[in-house]
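Structure record follows, encoded as structure tokens.
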Amino acid sequence: MAARLPAIFKTTATRLSALYLLLFALCAAILVFYTTSLSVRMLTGQLQETISDEMPVLGRAYQRGGLPLLVRFVEQRSRQPGANLYLLADPQGRILAGNVEALQPGVLDIEGWTGSPFLYTRFDTAGEEIDEDRHRAVAYVMRLPNQMILLVGRDLGEAERLRTVMRQALMLALGFMGLGALIIWYVVGRRALKRIDQVSDAGRRIMAGDLSGRLPVSGTGDEFDRLSENLNAMLERIASLNEGLKQVSDNIAHDLKTPLTRMRNRAEAALAGNKGSAEYRKALETTIAEADQLIRTFNAILMISRLEAGYSAEQTAQIDLAAIIADVVELYEPLAEESGVQLTSAAPPRAPVTGNRELVGQALSNVIDNAIKYSQGEGRDAKVSVELSQGTGWRIDVADNGPGIPEADHNRATERFVRLEDSRSQPGSGLGLSLAKAIMGFHGGRLELTSRDPGICVSMVFPEDKAKK
Amino acid sequence: MKLLIIEDDREAADYLEKALTEAGHTAHLARDGETGYMLASDGEYDVLIVDRMLPKRDGLSVIAALRAKGIDTAVLILSALGEVDDRVTGLRAGGDDYLTKPYAFSELLARIEVLSRRKGRADIETVYRAGDLELDRLSHTVRRAGQEIVLQPREFRLLEYMMRHAGQVVTRTMLLENVWDYHFDPQTNVIDVHISRLRSKIEKGFDKPVLHTIRGAGYMLKAG
């Protein structure tokens, strides 16, 4: 059933509007009905009172002057403007006098108040016009001692008019309510729900595979905009994770396939021909070394992915950046010296941040490793300086005076596997800076690259430590 | 050395068993946590090699149960989970060392050998000796053939660790872990440079080398 309803009836707006309309109409109907019946009853009561006042007068007239006086009374009163209804009939119900021309049959048969309003036709003696319309009236019927029937009544015109006015009021109210319902339907349905529809349409498009699609934002800053903005931010995150995943699989395909192929070829070449055990040994050792490098690359990829997947407070504690710098610089100092690079560091005695010592240590070691690797060169006075300073948060600047990285390549340098041209001859997985960047991201900070003349400065920028304040 | 491997991956377990046997150890195999726990609960083994994810009973719960029972056999945890806090949870559960898969067998072997002598006299001794090399842990002095050698604090700790495990292979990662207290994988040959510096200090002017490079594995301090 519901499925076969036109689409418009399935919207919340239409349902809501219909419900409101129904509810208001019901209330209005009850109100009007109640008011009308109350007023009509009150009016009827008044009429009956007027009639009751009349009866004794007529009764006395009959007692005093008999039938002729009564007839005169009735004729006289009938002619007055706005007169009551008067009727004198013989025992058989034939009309003798009064201003009633015809009556609904049966009215005269029962003495006392007519139970319900009856129909009659008025005979207007005053204007000599015959009123063709049948009216409704209430009346009191009395049988005179000589079996003649006397009826005194009152037209219900006033009550009828009241009822009509009320009914018109009800119709008007209904009209307004209908209009109101339409407005509600328009406002809620055409505008608000249309936007929800837009959101769900966009959602469907995105689910269908268009991950670059975004939800519409109207710019009014209302709750729909906020919803859309949040969903967009979520999509942005999903897209970047997805992009990362794609990149990883692409890079795995490219960068792991090459060493795997090389390894396989080497093993094959070692098997071919007759070789001594020393040669076999050498081939196997190379194979192991290459496998180790592959494992290392793999671990780095996994680690980056996990770090990018999210932050876990359990893995962090209060750590001292100054101590980490001291450790890592001390670790690299011999290597720097051997490479002919002067490694210096400057740091305040203590620099507490919330973080993971292992990860920060690893990031710093990667950055320093890179700096040493790329600044070393023959005949140059190579220098790498590590400096810890505090701005809004702590930052570690690792600057070298090597060839640097062209400004345009700064972003690419921290991408996975990117090893800028002319650095391909250097050892390493090409993941060092990407891992450092992922680690800084994990800490809510960032990795900044700025060109120095000469060289480049890689900065590990930590966020302001909120726990301290 | 008597070893128990608790590992459900048949191929990995068989390889380990074979390789450890070839290395001169007695290796037993348990393919699920429950069996592993039963075999290990008499405390007869020197080192347990425990995988974290096991059928019937997971590795960490096996270790915790053994520790609760008072069995203090050294445990090396093997895990495919390599996240930063996995190591911490592993060690907190009662493991003595942690190795992430995939690993080099030489790394595993070196660690097992170090673990087996974990609770030896070395911890109590104040002076380590290897041939004519002598390290005094209290006065922080190093002598070779009675001649004092001045070392930097880190070099001293490096030598101290090497001497404590004299005759055993120590890998680069083990050195980084125990001397520098960092668990990441050094990308380049940083450790090698430290070793060669130390070597030049303790071997210069002496005939016999004491610090040997073990190809494909690491280093070994051995006199004579």
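If you read the protein sequences in the order shown, they are chains A and B.
At position 314 of the first sequence (counting the first as 1) the number is 791 in our numbering, and the numbers step up by one without a gap.
At position 206 of the second sequence (counting the first as 1) the number is 225 in our numbering, and the numbers step up by one without a gap.
Don't be surprised by glycine CBs; every beta carbon is placed ideally from N, CA and C.
Strictly below 7 Å CB to CB, what residues from chain B border residue i?
i	result
L808 of chain A	W199 and V209
L718 of chain A	Those within 7 Å of L718 of chain A in chain B number zero; the least Cβ separation is about 17 Å.
E835 of chain A	V103, Y201, H202 and F203
S754 of chain A	Result: empty, since nearest Cβ-Cβ is about 15 Å, beyond 7 Å.
I want to verify the contact list: residues of chain A whose CB lies under 9 Å from the CB of residue i, in sequence order.
i	result
A123 of chain B	I765, A768, D769 and I772
R234 of chain B	E762
R216 of chain B	P811, E814 and E815
Using only CA atoms, which one of the options lies nearest to residue i?
i	options	result
L733 of chain A	A:T774, A:T821 and A:N742	A:T774
V861 of chain A	A:T831, A:H887 and A:L812	A:L812
G235 of chain B	B:A32, B:M57, B:T192 and B:L73	B:T192
I90 of chain B	B:A59, B:H213, B:L97 and B:K241	B:A59
R173 of chain B	B:I233, B:A129 and B:V212	B:V212
R76 of chain B	B:H202, B:N197, B:I25 and B:A42	B:I25
G870 of chain A	A:G838, A:T513, A:M684 and A:E941	A:E941
I801 of chain A	A:V863, A:A777 and A:R681	A:V863
T207 of chain B	A:R672, A:D846 and A:A823	A:D846
P533 of chain A	A:V618, A:V830 and A:A876	A:V618
I849 of chain A	A:N833, A:A876 and A:E785	A:A876
Just to confirm the assignment, what range does the alpha helix (DSSP H) spanning residue i have?
i	result
M684 of chain A	K671 to M684
V805 of chain A	L798 to S816
V189 of chain B	V189 of chain B -> not in any alpha helix (DSSP H); beta strand (DSSP E) instead, spanning V188 to T190.
Q462 of chain A	This structure gives no information on residue 462 of chain A, because the portion of chain A shown stretches from 478 to 946.
G237 of chain B	Counting along the chain, G237 of chain B falls outside any alpha helix (DSSP H), though it belongs to the beta strand (DSSP E) covering G237 to L240.
L688 of chain A	Element bounds for L688 of chain A: n/a, residue is neither H nor E.
H213 of chain B	V209 to E222
G98 of chain B	In the sequence as displayed, the identity of residue 98 of chain B is Ser instead of Gly. Careful: S98 of chain B lies outside any alpha helix (DSSP H), inside the beta strand (DSSP E) at A93 to S98.
D846 of chain A	R834 to S852
S695 of chain A	No alpha helix (DSSP H) holds S695 of chain A; DSSP gives it neither H nor E.
L79 of chain B	G78 to A87
L157 of chain B	Premise fails: L157 of chain B is in no alpha helix (DSSP H) and is neither H nor E.
R571 of chain A	Segment: none, R571 of chain A is in no alpha helix (DSSP H) and carries neither H nor E.
I131 of chain B	F124 to S135
List the residues of chain A whose Cβ lies closer than 8 Å to the Cβ of residue i, in chain order.
i	result
V188 of chain B	By Cβ distance, chain A contributes nothing, its closest Cβ being about 15 Å from V188 of chain B, past 8 Å.
R50 of chain B	Per Cβ cutoff of 8 Å: no residues; R50 of chain B is ~25 Å from chain A at best.
R1 of chain B	Here chain B covers residues 20 to 243 and nothing more, so residue 1 of chain B does not appear.
List the residues of chain A that residue i touches, going by C-beta distances under 7 Å, in chain order.
i	result
V212 of chain B	P811, L812 and E815
D204 of chain B	R773 and N776
Go to residue i, then tell me how far its beta strand (DSSP E) extends in each direction, as first and last residue.
i	result
T869 of chain A	Segment: none, T869 of chain A is in no beta strand (DSSP E) and carries neither H nor E.
I168 of chain B	Q166 to I168
A915 of chain A	Unbroken run through A915 of chain A is the alpha helix (DSSP H), G909 to F919; no beta strand (DSSP E).
S936 of chain A	I933 to V938
E578 of chain A	V577 to L580
V69 of chain B	V66 to D70
E174 of chain B	Per DSSP, E174 of chain B belongs to no beta strand (DSSP E); it is in the alpha helix (DSSP H), P172 to R183.
E925 of chain A	R923 to S928
I25 of chain B	K21 to I25
R148 of chain B	V146 to A149
T232 of chain B	L230 to I233
Y563 of chain A	L562 to A566
Y201 of chain B	Note, Y201 of chain B: premise wrong, no beta strand (DSSP E); not H, not E.
Please list the partners that residue i has in chain B, where partner means a Cβ-to-Cβ separation under 8 Å.
i	result
Q839 of chain A	Y201 and F203
D678 of chain A	Within 8 Å Cβ-Cβ: nothing; D678 of chain A doesn't reach chain B, min ~40 Å.
D797 of chain A	Result: empty, since nearest Cβ-Cβ is about 13 Å, beyond 8 Å.
D877 of chain A	Under the 8 Å cutoff, chain B gives no residues; its nearest Cβ is about 15 Å from D877 of chain A.
Output, in chain order, the set of chain E residues within a Cβ distance shorter than 7 Å of residue i.
i	result
D699 of chain A	No chain E appears in this structure, whose protein chains are A and B.
If the cut is a Cβ gap below 9 Å, which residues of chain B does residue i touch?
i	result
D727 of chain A	Here the premise fails: no neighbours, minimum Cβ distance about 22 Å.
D846 of chain A	P205, Q206, T207 and V209
> Touching or not, the region 830-846 of chain A and the region 794-807 of chain A, by the rule of three or more beta carbon pairs under 8 Å?
Replying inline: yes
> Are there three or more Cβ pairs, one per stretch, closer than 8 Å when the region 629-638 of chain A is compared with the region 648-666 of chain A?
Replying inline: no
> Do three or more CB pairs link the region 584-593 of chain A to the region 656-664 of chain A at distances below 8 Å?
Replying inline: no
> Can at least three beta-carbon pairs, one atom from the region 170-187 of chain B and one from the region 105-117 of chain B, be found at a separation below 8 Å?
Replying inline: no
> At which residue ranges does the region 716-784 of chain A contain complete alpha helix (DSSP H) runs of 4 or more residues, listed in the order of the chain?
Replying inline: 734-748
>> Which complete alpha helix (DSSP H) runs does the region 35-61 of chain B hold, if anything under 4 residues is left out?
In response: 52-59
>> Using a Cβ distance threshold of 8 Å, determine whether the region 144-153 of chain B contacts the region 220-229 of chain B, with at least three qualifying pairs required.
In response: yes
>> With three or more beta-carbon pairs closer than 8 Å as the criterion, would you say the region 733-751 of chain A touches the region 699-712 of chain A?
In response: no
>> Count Cβ pairs between the region 157-164 of chain B and the region 49-56 of chain B that sit closer than 8 Å; are there 3 or more?
In response: no
> Would the region 27-41 of chain B and the region 58-78 of chain B be scored as touching if the rule is three or more Cβ pairs under 8 Å?
Replying inline: yes
> For the 8 Å Cβ check, are there 3 or more pairs between the region 716-728 of chain A and the region 692-699 of chain A?
Replying inline: no
> Is the region 526-542 of chain A touching the region 576-583 of chain A, taking contact as three or more C-beta pairs under 8 Å?
Replying inline: no
>> Within 8 Å, do at least three Cβ pairs link the region 875-882 of chain A to the region 927-940 of chain A?
In response: yes
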